[in-house]
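Note sheet for the following structure.
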Amino acid sequence: MHRRQILRSGWIIFFLFLLQLSLWSKTARYRCMWREEPSTTMVIGWDQVSGYNAEIKYDVVDHGTDARSYRYSAKPAAKVSAKGMNNHFARLTHLNPNTTYYFVIQDTEGVSKRMSFRTTPDNPNLKLSIIAGGDSRNHRKARISGNRIVGKLRPHFVMFGGDMTAGDTPTEWVEWLDDWQHTITSDGRLTPIVVARGNHEASNTSLVEIFDVAKPSLYYALTFGGNLVRIYTLNTLIPSGGDQRTWLEKDLAANQSVSWRMAQYHHTIRPHTRSKPERDELLLNWSTLFNKYKLRLVVESDAHVVKWTYPIKPSRAPGSQMGFIRDDVDGTVYVGEGCWGAPLRSNNDDKSWTRNSGSFNQFKWIFVDRRKIEVRTVIIDGSSGVEDTDVNNVFDMPRGLSLWNPSNGSVVTIVNDNVATSEPEPPMIAGPPMEILDCTAKQNGDDIIISWTVSNDALGMNYEVQRSVDGGSKFTTIADYRAKKTGTATYHCPDLNVARRYKLKDLKYRLSYEDKQGGRQWQEPKIQISTAAAPPAGNSTDASGLPPIIPLNISDKGTVKVAYNLQRPGAVEVILMTPELREVSRLNFPGQSTGAASQTIDISRVPRGQYLLVVKGEGKVIRRFRVVR
Numbered sequence: 001m002h003r004r005q006i007l008r009s010g011w012i013i014f015f016l017f018l019l020q021l022s023l024w025s026k027t028a029r030y031r032c033m034w035r036e037e038p039s040t041t042m043v044i045g046w047d048q049v050s051g052y053n054a055e056i057k058y059d060v061v062d063h064g065t066d067a068r069s070y071r072y073s074a075k076p077a078a079k080v081s082a083k084g085m086n087n088h089f090a091r092l093t094h095l096n097p098n099t100t101y102y103f104v105i106q107d108t109e110g111v112s113k114r115m116s117f118r119t120t121p122d123n124p125n126l127k128l129s130i131i132a133g134g135d136s137r138n139h140r141k142a143r144i145s146g147n148r149i150v151g152k153l154r155p156h157f158v159m160f161g162g163d164m165t166a167g168d169t170p171t172e173w174v175e176w177l178d179d180w181q182h183t184i185t186s187d188g189r190l191t192p193i194v195v196a197r198g199n200h201e202a203s204n205t206s207l208v209e210i211f212d213v214a215k216p217s218l219y220y221a222l223t224f225g226g227n228l229v230r231i232y233t234l235n236t237l238i239p240s241g242g243d244q245r246t247w248l249e250k251d252l253a254a255n256q257s258v259s260w261r262m263a264q265y266h267h268t269i270r271p272h273t274r275s276k277p278e279r280d281e282l283l284l285n286w287s288t289l290f291n292k293y294k295l296r297l298v299v300e301s302d303a304h305v306v307k308w309t310y311p312i313k314p315s316r317a318p319g320s321q322m323g324f325i326r327d328d329v330d331g332t333v334y335v336g337e338g339c340w341g342a343p344l345r346s347n348n349d350d351k352s353w354t355r356n357s358g359s360f361n362q363f364k365w366i367f368v369d370r371r372k373i374e375v376r377t378v379i380i381d382g383s384s385g386v387e388d389t390d391v392n393n394v395f396d397m398p399r400g401l402s403l404w405n406p407s408n409g410s411v412v413t414i415v416n417d418n419v420a421t422s423e424p425e426p427p428m429i430a431g432p433p434m435e436i437l438d439c440t441a442k443q444n445g446d447d448i449i450i451s452w453t454v455s456n457d458a459l460g461m462n463y464e465v466q467r468s469v470d471g472g473s474k475f476t477t478i479a480d481y482r483a484k485k486t487g488t489a490t491y492h493c494p495d496l497n498v499a500r501r502y503k504l505k506d507l508k509y510r511l512s513y514e515d516k517q518g519g520r521q522w523q524e525p526k527i528q529i530s531t532a533a534a535p536p537a538g539n540s541t542d543a544s545g546l547p548p549i550i551p552l553n554i555s556d557k558g559t560v561k562v563a564y565n566l567q568r569p570g571a572v573e574v575i576l577m578t579p580e581l582r583e584v585s586r587l588n589f590p591g592q593s594t595g596a597a598s599q600t601i602d603i604s605r606v607p608r609g610q611y612l613l614v615v616k617g618e619g620k621v622i623r624r625f626r627v628v629r
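Each residue of the sequence shown is one higher than the one before, starting from 1 at the first, in the UniProt record's numbering.
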């Protein structure tokens, strides 16, 4: 009898398992890319294994697998049967910059697991993390190891220089995309990829059909971080001259206002192994333009060795070698050359301008800000135990990561000596110049409220709030604001719960902005420490003219009770925002009566963290709360 019950229980569990499987959407091989502006768009691609009527459901709020709760939806803009897969591509637009979006795919067979992606910043003052490499065609173990490290490092995106597979066959592409799933982070975030064609891709069409590349010619450019960096993807499998060279020169000339220009392509101009041919045509058609238009970093692939050069430029002058000469002022740094799982070759062809070379599986880890580019080489085979990097600081090296440290150092730094002149001219402002009338940093309980008032504000002005926790030695940008109107304006930036996390004596703030001439200016307000009692409940205001920020407890069910008092009947809005004042959700309550009232708000699906909850009524802010989820 007992055995029969065990068998019955086993069958029940088995059928429940099958039922659960039947509820999942039959989708796989997820990837994300861009066809246009990376800060406000994203393409989500997947293999529709079975089922139909697939649709992306997405939101800035994490609703898990509850597809009905996601506010936005998009149907595939393109469906392509290729390489043994039914590739679907949803092209999402009008997104917010530097924002995480959560999504699921719903079809006739169910709902996918919850995933996410993040748009890039549109602010050139925010640093980017980029991984660049190529040649993953043979050894899956090394390929998967490299992909896993990508997921640990959480870069803004990956530049991939071609030769994903050996034979460009359906079986290989299915395996490659299965392996690419290892780049998904532990919390479900997809890593965007920017692809170039290699000689093992039989045609341009292969990459267009798998990655929804907007340009069938497979040469194109994308600008990241507002005007921080423009990255050129070139195609060495078609003529480097003619139309491609004409386009490249025209685009380079038109984008001299961008702080940095970088390029990726497959074949190496001067390989660092003797078994690969020289590419004189690329030197003639491209390197000359790189030097003329100040393109400072190039990522090459194909040779399956490791190298980085000193800054070099095309030259036949005395001291040059193989058409290049070292130029530390105006030269271009070339790095590469593949090794993400392809067969390794011997690095037996160094030049006089080679900084270092090697032979091992690797990719480049690149940091870009307005003042410098830093390039590191990650050793794939030596980084099997890498821990996740800090989600709040993706520029910190996680424990277990192995970096190449050759004779000339582990970091190549390229300095921008002309930051001011490499940026676009600031918009001319009619009338008197902008002026900061007041800038304060006031303690309000555990929060610090940074406030400033501007006269003659102008659309396009950008303000950064920066914080130091070491007494002013190092400042980090915690929020950025763009002017929304002209004239006089007042801004408030709450730094929530900061007095609990750091000592007040070590805290310093500064407001950074550009003047009319494009120069960088700072205001450094002294923190005004509050000794007042806790603010009373009600619609009172603090010294900034806004209601004080009051801690609000969250229930075990993930709800908060928001109390307020209306002087006149009307609509009430409850807005949940991040500490940087990016809106997460907004609820409207029309036709509210005069007097004291309250609303219970469910925030159980909001990602964990600190939030500012604002209540608006009578056309103004009447309550503000701090919520820690």
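We put the CB at the ideal spot given by N, CA and C, even for glycine. Computed from a prediction, not measured in an experiment: that's the story for all the values here.
Short CB-CB distance (under 9 Å) between residue i and chain D
i, result
"ALA263", "The structure shown contains no chain D, having only a single protein chain."
Residues near residue i in its chain [Cβ-Cβ closer than 6 Å; skip 5 each side]
i, result
"VAL258", "ASN227 and ARG230"
"residue 667", "Because residue 667 is not part of the residues shown, which for the chain are 1 to 629, the question remains open."
"SER540", "Confidence in SER540 is poor, its pLDDT being 49 and thus under 50, which makes the residue's placement unreliable; the coordinate value appears in the next sentence. So no residue of the chain qualifies."
"MET42", "CYS32, LEU92 and PHE117"
"ARG624", "PRO547, ILE549 and VAL614"
"ASP327", "PRO311 and LYS313"
"ALA67", "LYS57, VAL104, GLN106 and VAL111"
"HIS63", "SER69, TYR70 and ARG605"
Buried/exposed call for residue i, threshold 16 Cβ in 10 Å
i, result
"ARG316", "exposed"
"ILE312", "buried"
"CYS339", "buried"
"PRO52", "The sequence shown places Tyr at residue 52, not Pro. The residue is exposed, with fewer than 16 neighbouring Cβ atoms inside 10 Å."
"ALA537", "Because ALA537 carries a pLDDT of 41, less than 50, the predicted location of this residue cannot be relied on, and the following value inherits that uncertainty. When all chains shown are included, ALA537 counts as exposed."
"HIS304", "buried"
"THR377", "buried"
"ALA342", "buried"
"LYS620", "exposed"
"VAL60", "buried"
"ILE529", "exposed"
"PRO124", "buried"
"SER206", "buried"
For residue i: DSSP bridge partner residues
i, result
"ALA317", "ALA317 pairs with nothing; no bridge assigned."
"SER129", "PHE367"
"GLY110", "ASP107"
"LEU576", "SER585 and LEU613"
"ASN444", "ASP447"
"residue 674", "The requested residue 674 does not occur in the structure, where the chain is confined to residues 1 to 629."
"TRP452", "CYS439 and TYR491"
"ASN462", "ARG482"
"ARG261", "ARG230"
"TYR310", "Note: TYR310 sits in no beta bridge, so no partner."
"LYS561", "THR600"
"VAL628", "GLN610"
"ASN356", "TRP308"
"ASN393", "ASP390"
"TRP522", "SER512"
"GLY64", "GLY64 pairs with nothing; no bridge assigned."
"CYS32", "ILE44"
Close Cβ partners of residue i (< 8 Å) along its chain, the five nearest in sequence each way excluded
i, result
"GLU209", "VAL80, ALA82, LYS83 and ASN87"
"PRO424", "Confidence at PRO424 is low in this model, with a pLDDT of 43, below 50, so the placement of that residue should be treated as unreliable; the coordinate-derived value is given next. Result list for PRO424: ASN227 and SER257, in chain order."
Sequence-distant residues of its chain with Cβ nearer than 7 Å to residue i (five each side left out)
i, result
"ILE601", "THR559, VAL560, VAL562, VAL574 and LEU587"
"PRO314", "LEU283, SER287, THR288, ASN291, GLY323 and PHE324"
"SER240", "GLU281, LEU282, ASN285 and TRP286"
"SER422", "Because SER422 carries a pLDDT of 40, less than 50, the predicted location of this residue cannot be relied on, and the following value inherits that uncertainty. SER259 and ASN416."
"PRO318", "none"
"THR476", "GLN466 and ARG467"
"GLY570", "GLN592, GLY617 and GLU618"
Beta-carbon separation (whole angstroms), residue i vs residue j, contact threshold 8 Å
i, j, result
"ILE184", "LEU190", "6 Å"
"THR165", "HIS200", "6 Å"
"ASP163", "GLY133", "Not confirmed; about 11 Å, so no contact."
Beta-carbon proximity check, residue i vs residue j, cutoff 9 Å
i, j, result
"residue 639", "THR273", "Because the chain is modelled from 1 through 629, residue 639 falls outside the range shown and cannot be assessed."
"LEU283", "HIS267", "no"
"ASP447", "ASP495", "yes"
"residue 654", "VAL333", "Nothing can be reported for residue 654, as the shown portion of the chain is limited to 1 through 629."
"GLU524", "LYS508", "yes"
"ILE144", "HIS94", "no"
"PHE160", "ILE193", "yes"
Cβ-heavy atom distance, residue i to the ligand SAM, below 8 Å
i, result
"ILE380", "This structure lacks the ligand SAM, and indeed carries no ligand of any kind."
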